[in-house]
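Chemist: Starting off with a structure, shown below.
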Amino acid sequence: MRILLLTAATGAGHIKAANAVEAYIRENTGWDVRCVDCLKAVGRLLDKTVCDSYLFMAKKTPALFGHLYKGTNRQNVISHLVPKLSGLFSGLLYPAIESYQPDVIITTHPFATEMVADLKADGVIRTPLICIITDYGAHRAYIASQVDSYVVASDDMVPELREFGVPAEKICPFGIPVHGVFFDPQDQKMLLRQLNLEPDIPTLLFMAGSFGVNNIIKLYRDLAGTQVKMQIIVITGRNQKLFEAFEKEIAAHPSLPTRLIYFTDEVEKYMHAADLLVTKPGGLTVSEALACNLPMAVFDAIPGPEDDNANFLKTHDMCVHLEKGSNFAQEISQLLQEKKRLQAMRENCAGFDKSQSIPNLLALIRQLSPAKVKVRP
Numbered sequence: 009m010r011i012l013l014l015t016a017a018t019g020a021g022h023i024k025a026a027n028a029v030e031a032y033i034r035e036n037t038g039w040d041v042r043c044v045d046c047l048k049a050v051g052r053l054l055d056k057t058v059c060d061s062y063l064f065m066a067k068k069t070p071a072l073f074g075h076l077y078k079g080t081n082r083q084n085v086i087s088h089l090v091p092k093l094s095g096l097f098s099g100l101l102y103p104a105i106e107s108y109q110p111d112v113i114i115t116t117h118p119f120a121t122e123m124v125a126d127l128k129a130d131g132v133i134r135t136p137l138i139c140i141i142t143d144y145g146a147h148r149a150y151i152a153s154q155v156d157s158y159v160v161a162s163d164d165m166v167p168e169l170r171e172f173g174v175p176a177e178k179i180c181p182f183g184i185p186v187h188g189v190f191f192d193p194q195d196q197k198m199l200l201r202q203l204n205l206e207p208d209i210p211t212l213l214f215m216a217g218s219f220g221v222n223n224i225i226k227l228y229r230d231l232a233g234t235q236v237k238m239q240i241i242v243i244t245g246r247n248q249k250l251f252e253a254f255e256k257e258i259a260a261h262p263s264l265p266t267r268l269i270y271f272t273d274e275v276e277k278y279m280h281a282a283d284l285l286v287t288k289p290g291g292l293t294v295s296e297a298l299a300c301n302l303p304m305a306v307f308d309a310i311p312g313p314e315d316d317n318a319n320f321l322k323t324h325d326m327c328v329h330l331e332k333g334s335n336f337a338q339e340i341s342q343l344l345q346e347k348k349r350l351q352a353m354r355e356n357c358a359g360f361d362k363s364q365s366i367p368n369l370l371a372l373i374r375q376l377s378p379a380k381v382k383v384r385p
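Everything in the sequence shown is counted per the working numbering, starting at 9 for the first residue and increasing by one.
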């Protein structure tokens, strides 16, 4: 069986979800699998234009991004324009599909979904199409009648998709796919000792790479000024400017134990070591933290998708949402002292068990595909 994963690099989440599925298929089946960036396949100019525009708006003009996100999520001229624009490029994506001859296509990005749906509507391809939505809220850009199944983050999204006209039998609330290592239980105290941190002191993990330098440094400085015992792990994720700023700030506050990491491909280790994650609520970061049963303090959400993610977490008491104007340091330090509340949040995260997301996806692939190939035991 051949599985084609189509994704795009507007934010890391779409690619990370596709990579998690690809890795599981390679490790657990005899199937052939290929992952393709649909924008790069269409052309370098489109890829650069779309990705650069997304990054600029998300970081520099988030309010404008949120306005466009909400505008395209309503039934209006704009919402109909986006699929039409994607349809213009679908013919350029077709060679990548035709050369591979997949039995099933899986998309993790709305542009990829729209392009494949357009090819199916034109009768150019008849391959079953599975769409994975990588946030905790639905958006109209993903919706097309030619999609055979939607894999979504939670049961909460079912009514939303039904309002968009998606039949209930097409909606599969399996959870957003993440790598299996996030679900593997770890010994927290042992991990903290390995990091030269105290096993009995509350531990904060900052996933800080996508924050503005001033915001996150101010939060660290304010936390250093509290009397609450804590220790901090900071991952700056190839953000050199932020890494250097943290080096100076950590040196200025020697009484606050801090482990500074520039980049790591072992994020799960630090999540399993922590008691609370401070992060922007991106769909994949949220899903990885939930897989580690790790409560969150989320802020600086990009209006639109990250607001949806934060609202989902808050509704199910798996995070505190630090809104503008709130006293970040006071809320976080207070939560660290409320051990019962923090434990209840951790238990809520554990109760949201999506460890079978990818195995369930494979069962769906077998159901939709004409090729009858079994997964290795």
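Positions of the beta carbon are idealized from the N, C-alpha and C atoms, including for glycine. In this text, all values refer to a predicted model and were calculated from it rather than measured experimentally.
(1) Which value, in whole angstroms, describes the spacing of the CA atoms of proline 207 and alanine 146?
(2) If leucine 13 sits next to alanine 26, beta carbons under 8 angstroms apart, how far is it from one beta carbon to the other, in whole angstroms?
(3) So valine 3 packs on proline 181, CB below 8 angstroms; how close in whole Å?
(4) Give the single residue among Arg10, Thr37, Thr18 whose Cα lies nearest to the Cα of proline 367.
(5) Apply the 10 Å Cβ neighbour rule to leucine 137 and answer buried if 16 or more other Cβ atoms are within range, or exposed otherwise.
(6) Would you list the one or two residues that DSSP bridges to phenylalanine 214?
(7) For threonine 15, I'd like the list of residues in its chain whose CB is within less than 8 angstroms of its CB, leaving aside the five on either flank, ordered along the chain.
(8) Please identify the residue among Ala216, Leu370, Gly183, Asp316 whose C-alpha is closest to the C-alpha of arginine 267.
(9) How is valine 294 classed by DSSP in three states: helix, strand or coil?
(10) Give me the Cα-Cα distance between asparagine 204 and alanine 281, rounded to the nearest whole angstrom.
(11) For the region 185–205 against the region 160–175, do three or more pairs of beta-carbon atoms, one drawn from each stretch, fall closer than 8 angstroms, so that the two count as touching?
(12) Closest by CA to alanine 17, which one among Ile113, Thr142, Leu76, Gln338?
(13) Using a Cβ-Cβ distance cut-off of 8 angstroms, determine whether leucine 12 contacts chain D.
(14) With distances taken Cα to Cα, identify the nearest neighbour of leucine 199 among Ile241, Val294, Thr287.
(15) Should the region 264–279 be regarded as contacting the region 328–346, the criterion being three or more beta carbon pairs within less than 8 angstroms?
(16) Could you check the C-alpha separation between aspartate 152 and glutamate 30 for me, to the nearest Å?
(17) Going by alpha carbons, who is nearest to tryptophan 313 out of Ala305, Leu76, Met9?
(18) Express the C-alpha separation of methionine 165 and glycine 233 in angstroms, rounding to a whole number.
(19) Please identify the residue among Arg201, Ser98, Arg148, Ala149 whose C-alpha is closest to the C-alpha of alanine 129.
(20) What residues in its chain sit with their C-beta under 6 angstroms from that of leucine 227, if we drop five residues either side in the sequence?
(21) How is the alpha helix (DSSP H) around serine 365 delimited, first residue to last?
(22) Is it true that the CB of leucine 213 sits closer than 8 angstroms to the CB of valine 286?
(23) Using C-beta distances below 6 angstroms, list every residue in its chain close to aspartate 230, excluding the 5 sequence neighbours before and after it, in chain order.
(24) Please report the straight-line C-alpha distance between lysine 288 and alanine 309, rounded to a whole angstrom.
(25) What first and last residue would you give for the alpha helix (DSSP H) that runs through serine 341?
(26) Would arginine 246 and aspartate 111 be called neighbours here (beta carbons separated by less than 8 angstroms)?
(27) Could you tell me which of His324, Ile140, Gln239, Ile269 sits nearest to phenylalanine 251, measuring between CA atoms?
(28) Enumerated in chain order, which unbroken segments of the beta strand (DSSP E) with a length of 3 residues or greater are wholly contained in the region 110–144?
(29) Which of the three DSSP states is assigned to leucine 330 in this structure?
(30) Is it the case that the Cβ atoms of aspartate 316 and tyrosine 144 are separated by a distance below 8 angstroms?
(31) Checking 8 angstroms against the spacing of the C-beta atoms, do isoleucine 209 and glutamine 235 come in under that value?
(32) Under a three-way DSSP split, which group does aspartate 45 fall into?
(33) In angstroms, rounded to a whole number, what distance separates the CA positions of glutamine 345 and glutamine 351?
Modeler: On the basis of the data shown:
(1) Taking the straight line joining both Cα atoms gives about 40 angstroms.
(2) Contact flag correct, Cβ pair sits at about 5 angstroms.
(3) One cannot answer for residue 3 here, as it falls past the ends of the chain, which runs 9 to 385.
(4) Nearest to proline 367 by C-alpha distance, out of Arg10, Thr37, Thr18, is Thr37.
(5) Burial state of leucine 137 is buried, judged by a 10 Å Cβ sphere holding 16 or more other Cβ atoms.
(6) Answer is Val242, Val286, bridged to phenylalanine 214.
(7) Annotation for threonine 15: His22, Ile23, Ala25, Ala26, Cys43, Val44, Asp45, Cys46, Thr115, Thr116, His117, Ala120 place their beta carbon closer than 8 angstroms to its own, counting only its chain and skipping 5 residues before and after.
(8) The shortest C-alpha separation from arginine 267 is found at Ala216.
(9) For valine 294, the three-state secondary structure derived from DSSP is helix.
(10) The alpha-carbon atoms of asparagine 204 and alanine 281 are separated by roughly 12 angstroms.
(11) These segments do not touch.
(12) The candidate whose alpha carbon is nearest that of alanine 17 is Thr142.
(13) In the displayed structure, chain D is absent; only one protein chain is listed.
(14) The option with the nearest alpha carbon to leucine 199 is Ile241.
(15) Between the region 264–279 and the region 328–346 there are fewer than three C-beta pairs closer than 8 angstroms, too few to call the two in contact.
(16) The sequence given here has alanine at residue 152, not aspartate. Spanning the two alpha carbons is a distance of roughly 24 angstroms.
(17) The residue you asked about is not tryptophan; residue 313 is proline in the sequence shown. With distances taken between Cα atoms, proline 313 lies closest to Leu76.
(18) If I take the Cα positions, the gap works out to 41 angstroms.
(19) The shortest C-alpha separation from alanine 129 is found at Ser98.
(20) So the qualifying residues of the chain are Phe336.
(21) That run of the alpha helix (DSSP H) goes 365–376.
(22) Against a cut-off of 8 angstroms, the Cβ pair of leucine 213 and valine 286 comes out as a contact.
(23) Within the same chain, aspartate 230 has close Cβ partners Ala337.
(24) Roughly 6 angstroms separates the two Cα atoms.
(25) Its alpha helix (DSSP H) spans residues 336–345.
(26) No, they are not a contact pair.
(27) Here the closest residue by C-alpha is Ile269.
(28) Counting only runs of 3 or more residues that sit fully inside the region 110–144, the beta strand (DSSP E) segments are 112–115, 137–140, in chain order.
(29) Residue state for leucine 330 is assigned as coil, using DSSP reduced to three classes.
(30) In this structure, aspartate 316 sits near tyrosine 144, with a CB-CB distance shorter than 8 angstroms.
(31) No, the pair does not count as a contact, with Cβ atoms beyond the cut-off.
(32) In the three-state reduction of the DSSP assignment, aspartate 45 falls in the strand class.
(33) One Cα belongs to glutamine 345, the other to glutamine 351, and the distance between them is close to 11 angstroms.
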